[in-house]
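In case it helps, our numbering puts the sequence shown at residues 14 to 378.
C-beta atoms are modelled at their ideal positions from N, C-alpha and C, and glycine is treated no differently.
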Amino acid sequence: MLDKQHEVWYQARQQEPARQVRILLFDQAIQLYDALDESFIGAFAVGSIRLLEVNAGEALLQLLPDGYERLTVSVNHLLWPELNQKLTNIRKFSSKAKKHWKWPVLLLIIAAGLIGIYFLLISMITGIGLQLVSTEKERELGEMIYASMAEGLKIDTAATEKLTRFAAELNLSDQYKLEFTVADEKEINAFAIPGGHIVVYKGILDEMDEPEELVALLSHEASHVNERHSLRSILRQLSGSVLLSMVFGDLGSIGRAVVGQADQLRSLSYSRSLEEKADASAMELMRNNKVDPRGMIGLMDRLKKAESGTALPGFLSTHPLTKDRKSTAEKYILKFPQTFETPEPIETSWKQLKSSLEDSVQNEW
Ligand SMILES: [Zn+2]
14 MLDKQHEVWY QARQQEPARQ VRILLFDQAI QLYDALDESF IGAFAVGSIR
64 LLEVNAGEAL LQLLPDGYER LTVSVNHLLW PELNQKLTNI RKFSSKAKKH
114 WKWPVLLLII AAGLIGIYFL LISMITGIGL QLVSTEKERE LGEMIYASMA
164 EGLKIDTAAT EKLTRFAAEL NLSDQYKLEF TVADEKEINA FAIPGGHIVV
214 YKGILDEMDE PEELVALLSH EASHVNERHS LRSILRQLSG SVLLSMVFGD
264 LGSIGRAVVG QADQLRSLSY SRSLEEKADA SAMELMRNNK VDPRGMIGLM
314 DRLKKAESGT ALPGFLSTHP LTKDRKSTAE KYILKFPQTF ETPEPIETSW
364 KQLKSSLEDS VQNEW
């Protein structure tokens, strides 16, 4: 009979009786042999062995993480100190590894929370700002922005006058007095300034063939003014930089870079939703002015054509994908299929604007 101190018992399944085995210990594994007939039972990686308990001088081990297979080793067994040492090393290693991956995750959660708070504060400040700024103050702010911009802007005075006449045939705003300017630039671009200035680049006017396309463009920019989208973007940018300098001072270049990048992503999707809103309001305005909202689809086609060209125009870089906007416009038209005959004065002022643009092209030659 074997000495009790040398006993090792192996149990393959819970309902099976345990049998006595011999154990061979290797660097990374153990091998088990039947104590009676010396037949090979199996090899088990030390890394997957778990010490379940030590009770009454016997250690109970689970040999595989997913299986039942148990091994009972007397703590007085010659090999137990060495096996126990190996199991302890593995436990230390894995708990160390756990600690290592815990920290980055914790930091990520904190960072996500801070970014969330940052955006929440910005929307709160922006919201409060929108309430506080009166239409009058907005107008003053817009004048200041326009004045500083106009210095670097080449203005086509003749075309500006014709565009102003064209727009006078439309009712695009109840709250704001809109002012139109034609910039003498080949870029396909247009933008709205808080309070009512709308700047249209010659490049986009040259692309257009029908007056309805221009009505679509002006209605879109007027909607940005009416719904205070331009004011909102400026307030957002301002509150963002004020908040960041409050939080980080001059030390937080890293934090600033991280949050700045996040802000860019956010403002992209933000303006995307505002663009879609402006498109919808624009088609509403077009119908109110008895101009066919299909002009919006014509405008999108012009933009798409320009998009496939080599130079990527600024108008497009800040606007959502023209394809998406076009399909949204098509859905709107399915909902309101009524067609309109564009009023005669709009047609007339359109022709005058177009011929003014052609004249200035001829003058360049
Ligand atoms: Zn827009």
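Residue environment, residue i, which counts as buried when at least 16 other CB atoms sit within 10 Å
i    : result
T173 : buried
L325 : Reliability of the predicted coordinates at L325 is poor, the pLDDT of 45 falling under 50, and no value is obtained from them.
R63  : exposed
I141 : exposed
I206 : buried
R307 : buried
I359 : buried
T139 : buried
M221 : buried
S232 : buried
E225 : buried
I122 : exposed
V67  : exposed
Rounded separation between residue i and residue j - CA only
i    : j    : result
M309 : L334 : 14 angstroms
A124 : P117 : 10 angstroms
K336 : E354 : 26 angstroms
I135 : D314 : 36 angstroms
A180 : M137 : 36 angstroms
Q237 : G208 : The amino acid at residue 237 is misidentified as Gln; the sequence shows His. Going by the C-alpha atoms only, they are around 10 angstroms apart.
M14  : I54  : In this prediction, M14 scores a pLDDT of 40, lower than 50, which makes its location untrustworthy; no coordinate-derived value is stated.
L287 : N302 : 22 angstroms
E156 : H210 : 8 angstroms
P30  : Q24  : 6 angstroms
D169 : S373 : 9 angstroms
A196 : R241 : 23 angstroms
W22  : L84  : 6 angstroms
E223 : E151 : 33 angstroms
Q188 : L119 : 50 angstroms
K190 : E149 : 11 angstroms
T101 : D50  : 32 angstroms
Residue i: CB within 7 angstroms of a non-hydrogen atom of ligand 1
i    : result
E288 : yes
H237 : yes
H210 : no
A229 : no
A342 : no
A172 : no
A291 : yes
Residue i (DSSP reduced to helix, strand or coil)
i    : result
N202 : coil
R35  : strand
Q365 : helix
V86  : strand
E66  : strand
G311 : helix
Q98  : helix
E357 : helix
E20  : coil
Which complete beta strand (DSSP E) runs does the stretch 210-259 hold, if anything under 3 residues is left out? If one requires a minimum length of 3 residues, the beta strand (DSSP E) runs lying completely within the stretch 210-259 are 210-214, in chain order.
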